[in-house]
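Take a look at the structure set out below.
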Amino acid sequence: LLTEQIGPEPVVACSHGDIIPEVIDLLAREGVPIHGRGCEKGAVWHLVHNGGAFTSATRWSPTT
3 LLTEQIGPEP
13 VVACSHGDII
23 PEVIDLLARE
33 GVPIHGRGCE
43 KGAVWHLVHN
53 GGAFTSATRW
63 SPTT
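In the numbering used here, the protein residues as written are 3 to 66.
Laid out in structure tokens, this is it:
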């Protein structure tokens with residue numbers, strides 16, 4: 003579902019905390035490895051896409 007809507011160029015997206023968990027849960031249901039959890043203020047999720055599918059999602063802490 004999400005993979006079909008992503009083009010070949012890098013993308014930066016910003017959202018509120020109520021949307022991000024839904025996206026991460028969707029990726030997990032699609033079998034994407036999820037590293038970390040949470041959506042506290044300042045947190046960043048780094049999603050890796052290989053042109054055909056998402057390959058990982060990693061939460062970067064706001065303190066690192």
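The beta carbon of each residue, even a glycine, is placed where N, CA and C say it ideally should be.
1. Let me make sure I understand the geometry here. Which of Val13, Ala15 and Arg61 has the alpha-carbon closest to that of Cys41?
2. Any beta carbon from chain B within less than 8 Å of Asp27's own beta carbon?
3. Tell me the residue span of the beta strand (DSSP E) that contains Arg61.
4. Could you check the C-alpha separation between Pro23 and Gly53 for me, to the nearest Å?
5. CB Thr57 to CB Val34, shorter than 8 Å?
In brief:
1. Per the Cα distances, Arg61.
2. The structure shown contains no chain B, having only a single protein chain.
3. Phe56 to Trp62 is the span of the beta strand (DSSP E), which, as asked, contains Arg61.
4. Straight through space, the alpha carbons of Gly53 and Pro23 are spaced by roughly 23 Å.
5. Contact: yes.
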